[in-house]
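Structure first, then comments.
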Amino acid sequence: MYDTSILKEQLASPKQVTVLMHARPDADALGTSLALALFLREQGHAVRVIAPTEYPTFLSWLPGVDTVIVAAHCTQDALLAQMQDIDLLFCVDFSAISRLDEWAYLLKQPDAFKIIIDHHIEPENFADLLLWDSQAAASSEVLFQIFEALEQKEKITPAIATCLYAGLVTDTNSFKNPNTRAVTHRIAADLIEYGVDPFNVQRLIYDNKSLNRLHFFSFAVSQRLVVLPSLHVAYFVIQKEDYKRYELKSGDTEGLVDYALSLKDISLAAVLKEKDDTVYLSLRSVGDLPANLIAKKYFNGGGHKNAAGGVSHLSLVETVDRFEKILQEFCL
1 MYDTSILKEQ
11 LASPKQVTVL
21 MHARPDADAL
31 GTSLALALFL
41 REQGHAVRVI
51 APTEYPTFLS
61 WLPGVDTVIV
71 AAHCTQDALL
81 AQMQDIDLLF
91 CVDFSAISRL
101 DEWAYLLKQP
111 DAFKIIIDHH
121 IEPENFADLL
131 LWDSQAAASS
141 EVLFQIFEAL
151 EQKEKITPAI
161 ATCLYAGLVT
171 DTNSFKNPNT
181 RAVTHRIAAD
191 LIEYGVDPFN
201 VQRLIYDNKS
211 LNRLHFFSFA
221 VSQRLVVLPS
231 LHVAYFVIQK
241 EDYKRYELKS
251 GDTEGLVDYA
261 LSLKDISLAA
271 VLKEKDDTVY
281 LSLRSVGDLP
291 ANLIAKKYFN
301 GGGHKNAAGG
311 VSHLSLVETV
321 DRFEKILQEF
331 CL
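Throughout the sequence shown, residue numbering follows our numbering, covering 1 to 332 in sequence.
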């Protein structure tokens, strides 16, 4: 259980609060941030939620999402003006400054008390309070347990529960990933008791694809999938032109890596995505193969043992070549 005595003191009187998530937010980052914002507003705090970049369009149904400020749509001066005089800055689902990309300047709030709520490994020391558990399946699991420690579970509304459940479902891949613990299922059950419709949440997340996205997945599987049987590796290479051709929006490549990992005898799967002058890598693995070490050692990234991400500033061709050479070290 978390020691929330300091947090309780900070929340004892109405505060000006900013909730900040990482760039390219997923359902856990967005859902946990929205759940926290909804909870704090109910307690009388003034809260704004900031996403550095666009959130996935398939999450636009989440309660409170219409209040999210997308930093990429604002000037730096406008953002900093909105953050003047804030008392608390919550950093949700990230504990490394690099996860903010070019918006790291948002952390430069010398008078704000900074709080990290996260579950990723090796957190950096940039906050005043760390509420963190690398064993947790998701940051939404961490936040639920914080509510428990604050003895505020009864304040969880159906809207808050729905946001938390969305994070829990996606970060566990519908409770299929090895990060799913007994406590994860107990929290999921509690959230259903608090008003979540689990069937509707699953449908809105996984059965809500645009036709363009479906066509893209078909194209990617047939034209962009590379399988290296001797290394037990499969990966997708997504080019800039593919984004234009299929009019892909934020989050439209989510879940693609799972198709590669679903192949028989595949232990490591990846998606390499070319955007502007950067290649973004998403890695998934099974068993003891350390996706996080590959991301950290070679691609300025990190994550969990079986789910990680990184970036490359080489060309796409050079990145693919480097990736295949690296595989010889980890996968032979």
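Think of the CB as a built atom: it goes at the ideal place given N, C-alpha and C, for glycine as much as any other residue.
Model, not experiment: these values are computed from the prediction.
Asked	Found
Pairwise C-alpha distance: Leu-211 and Val-226	24 Å
Beta-bridge partners of Arg-48, as assigned by DSSP	Thr-18
Residues that DSSP places opposite Ser-312 in a beta bridge	Val-279
Residue range of the beta strand (DSSP E) that includes Leu-164	Where Leu-164 is concerned, there is no enclosing beta strand (DSSP E), although the alpha helix (DSSP H) it sits in stretches over 158 to 171.
Through-space distance from Ala-104 to Thr-53, alpha-carbon basis	12 Å
Exposure label - Gln-392; buried when at least 16 CB within 10 Å	No answer is possible for residue 392: it lies beyond the span of the chain, which begins at 1 and ends at 332.
Per-residue DSSP class, three states only, for His-120	coil
Same chain, Cβ closer than 7 Å to Gln-109, neighbours up to 5 away in sequence not counted	Met-83, Ile-86, Leu-89
Burial state of Gly-287, where buried means 16 or more other Cβ atoms lie within 10 Å	exposed
Cβ distance (whole Å) where Ser-95 is taken to contact His-120 below 8 Å	6 Å
Ala-234: CB within 8 Å of a non-hydrogen atom of the ligand ZN	This structure does not include the ligand ZN; it has no bound ligands of any sort.
Through-space distance from Thr-4 to Ala-159, alpha-carbon basis	23 Å
Entirely enclosed alpha helix (DSSP H) segments - the region 167 to 216, minimum 4 residues	182 to 193, 198 to 206
Environment of Val-221 [buried if 16+ CB atoms lie within 10 Å]	exposed
Proximity below 9 Å, CB of Gly-301 to CB of Asp-26	no
Contact check, Leu-335 vs His-45, beta carbons under 9 Å	Not covered by the structure: residue 335. The range shown for the chain is 1 to 332.
Best match in Thr-157, Ser-315, Ala-23, Trp-132 for proximity to Arg-41 [C-alpha to C-alpha]	Thr-157
Gln-145 classed as buried or exposed, judged by whether at least 16 other C-beta atoms fall within 10 angstroms	buried
Minimum C-alpha distance to His-215 - residue among Leu-80, Leu-191, Leu-248, Ile-192	Leu-248
The region 266 to 277 contacting the region 310 to 319, beta-carbon criterion three pairs below 8 Å	yes
Host alpha helix (DSSP H) of Leu-293 (start-end)	291 to 299
Bounding residues of the alpha helix (DSSP H) (the contiguous stretch that carries Val-142)	139 to 149
Buried versus exposed, by CB contacts within 10 Å (16 or more), Asp-66	exposed
The alpha helix (DSSP H) enclosing Ile-389, as first and last residue numbers	Residue 389 lies beyond the stretch modelled for the chain, which goes from 1 to 332, so this question has no answer here.
Touching by the beta-carbon criterion (3+ pairs, under 8 Å), the region 110 to 119 and the region 135 to 145	yes
C-alpha distance - Ser-174 paired with Val-317, whole-angstrom precision	34 Å
Buried or exposed (CB count within 10 angstroms, at least 16 for buried), Asn-125	exposed
Cβ shell of Lys-240 (< 6 Å), same chain only, five flanking positions each side left out	Glu-274
Exposed unless 16 or more other CB atoms sit within 10 angstroms - verdict on Pro-229	exposed
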